[in-house]
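Comments concern the structure below.
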Ligand code: SF4
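Residue numbers (this note's numbering): 23 to 242.
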């Protein structure tokens, strides 16, 4: 790691790095189509602790059977869990999906709410899920911080944080609002393809020369 890299880079520098990366990654690895907010919501919930291809397959299996809150509620919970398997925590996620569908029908008229506070009321929905739905479906600026965004932004020295929630608020000061919606797409791709959790491919990274590689012990 270079010793002269500023601990808190300027907004301009962070945006310059981000612009360089954003040209590389134009699609989200998670199958999220903005015209179906319910699918984005369910897909993002299922994606926790699960690789994107596994999540995408599970969503395709589920959508072949049901694609509305009423339809998913009609599937018995044990059968729903088997449809979701092998996504991580498929039993708990099946239970949460049922509770969420019930709440959507009873409290929101079967529609997906358009505010963070309302989305956070839904079982299984945290800030990461709520922010991605707001971004992708409703074009509302929000920073969706998952494990990749949290790790990479700390390695880059853009922020110095312990938790994804801290990262979300710290990144609001560093990244221009017009980029908030695409930050997740860009850094999830970069995290999966180059800046891996263990031994990142720094030799292949477009921004290696400027990256202080904070906390990186081994790289390729
Ligand atoms: S791959 Fe290496 S150089 Fe690139 S962002 Fe990650 S730590 Fe920095």
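Using N, Cα and C, we set each Cβ at its ideal position, and we do this for glycine too.
query = Shortest alpha-carbon distance to residue 133 belongs to which of 83, 68, 61?
reply = 61
message = If you follow the alpha helix (DSSP H) that residue 241 is in, where does it begin and where does it stop?
response = Taken as a continuous stretch (DSSP letters only), residue 241 belongs to no alpha helix (DSSP H), as it is neither H nor E.
query = Using CA coordinates, which residue listed in 226, 204, 232 is at the minimum distance from residue 47?
reply = 204
key: Contact shell at 6 Å, judged by CB to any heavy atom of ligand 1, ordered along the chain   = 174, 177, 178, 216, 217, 222, 223, 224, 227, 229, 230, 233, 235, 238, 241
inquiry  = Under DSSP, the alpha helix (DSSP H) around residue 108 begins and ends at which residues?
reply    = Unbroken run through residue 108: none, as it is neither H nor E.
task = Taking the CB atoms as reference points, tell me whether residue 43 and residue 170 lie closer together than 7 Å.
result = no
ask   = Taking buried to mean at least 16 other C-beta atoms within 10 Å of its own C-beta, is residue 237 buried or exposed?
value = exposed
key: Residue range of the unbroken alpha helix (DSSP H) whose run includes residue 194   = 186-196
query = Shortest alpha-carbon distance to residue 51 belongs to which of 79, 219, 210?
reply = 210
query = Between the C-alpha atoms of residue 98 and residue 155, what's the straight-line distance to the nearest angstrom?
reply = 26 Å
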